[in-house]
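Just so we're aligned: 144 in the UniProt record's numbering is position 144 of the sequence shown, and the numbers increase by one with no gaps anywhere. Ideal placement from N, C-alpha and C gives every residue a C-beta, glycine not left out. Report on the following structure.
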Amino acid sequence: PGTIHSPLVLDQLRCNGVLEGIRICRNGFPNRILFQEFRQRYEILCPNAIPREFMDGKAAAKRMIQDLELDENLYRIGLTKVFFRSGVLGHLEEERDLKLTDIMTQLQTLCRGALARKNYQRRIQQLNAIRVIQRNGRALLKIRNWKWWRLFTKIKPLLQVTRQEEELKQKQEEMNRLKTEMASRVIQAQEMEEKLQLVQQERSVLNDRLIHFNEVLGEYEEKSHRMQKRNDELESILQDMEQRLQEAADQLNTSNKDQREYNQHLRDTTKRLEDEEQNRQKLQLERMQSEGKIKNLENLVATLQNELLKGQKEHTVLYDKFQDIVVDRQKEEEKLKNLLK
């Protein structure tokens with residue numbers, strides 16, 4: 001219990017069709033998107049790949065994919081959609097989010113710069129106006145008690161020449177304004193004329209494309225007729241295939257019955273394997289315990305052997321000392337005998 005028998009698990013996954021489903025999903029193209037939607041969402045990643053004039057959705061998608069440098073094994077182009085392998089659209093979405101983040105950052109930078117420059121210009125204008133007012137105020141304070149200035153302020157409203165000069169100045173300003181307005185109107189008229197020429201050119205291009213579209217439509221109608229004929233042939237083939245499919249279904253039912261018997265046998269085998277695994281683990285535990293006891297006994301034997309060797313060495317030393325004592329005693333006895341003689 002608690003262990004995984006890898007070959008058995010792989011065999012079960014293979015019999016249930018899980019591995020085959022994973023393989024089909026990897027080899028297939030589960031993600032799909034329409035040409036127009038693909039162009040609208042991901043044109044931001046390749047802005048220079050598609051010209052400004054009208055272009056067919058399929059051709060635009062091909063150009064975008066070429067500019068994005070996608071591997072040919074990662075996509076397929078159908079009649080109305082682009083098909084991608086798993087994970088490709090997610091990668092494109094991440095690149096699109098990064099591009100949008102970059103664009104919004106640049107836009108915020110430009111807006112903040114424009115606001116800062118506008119605020120700076122406004123402060124400069126206010127500062128200049130304050131300086132002009134201060135300069136005029138200081139000048140007025142200097143000349144307000146000057147007699148000639150008082151005389152000038154009293155005579156100036158009475159002078160007809162001054163009024164005529166002011167009227168002439170106003171008319172001159174009005175004339176300049178009208179000239180400026182006339183020049184701007186002329187420029188606007190030229191721009192409108194250029195736009196009209198562009199519209200006429202685009203209209204001519206659209207007419208040519210409409211003619212081409214009608215020709216293509218005729219070809220498609222002819223192809224549709226041939227496809228209808230082919231469809232009838234495929235219908236007959238489909239009926240034959242359905243009959244064969246029914247026969248295959250009958251065979252599949254028989255195979256399912258065999259599969260159920262095999263699954264029952266597999267469960268019995270699995271149960272036996274689990275019982276054997278339990279017995280094996282029990283025997284392994286007993287073997288480990290026996291090995292521990294044997295190891296302890298071996299350690300004890302080694303300790304006893306060491307003590308025995310140590311005792312033998314001590315016995316040898318003591319025996320040598322005893323022999324030396326006996327020899328010394330014999331020598332002493334011989335000396336004593338010699339003295340007694």
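Which residues share a DSSP beta bridge with residue i?
i: LYS271; result: In DSSP, LYS271 forms no bridge with anything.
i: PHE84; result: ASN31, TYR75
Are residue i and residue j touching if we call contact CB-CB under 8 Å?
i: GLY57; j: GLN40; result: no
i: GLU277; j: THR101; result: no
i: LEU45; j: GLU95; result: yes
i: THR270; j: LEU92; result: no
i: HIS5; j: LEU273; result: yes
For residue i, does the count of other Cβ atoms within 10 angstroms reach 16, so buried, or fall short, so exposed?
i: PHE84; result: buried
i: PHE322; result: exposed
i: LYS81; result: buried
i: TYR262; result: exposed
i: MET64; result: buried
i: TYR42; result: buried
i: PHE54; result: exposed
i: PHE38; result: buried
i: ALA61; result: buried
Within the same chain, show all residues whose beta-carbon is closer than 7 Å to that of residue i, passing over the 5 residues directly before and after it, in chain order.
i: PHE29; result: ARG76, PHE83, PHE84, ARG85
Quick one: what's got a C-beta closer than 8 Å to residue i's C-beta in the same chain, skipping five residues either side?
i: VAL216; result: none
i: LEU140; result: none
i: ARG122; result: none
To the nearest whole angstrom, what separates the beta carbons of residue i and residue j, a pair I think is in contact under 8 Å?
i: LEU89; j: ASN31; result: 5 Å
i: ASP67; j: ALA49; result: 4 Å
i: ILE143; j: TRP149; result: 5 Å
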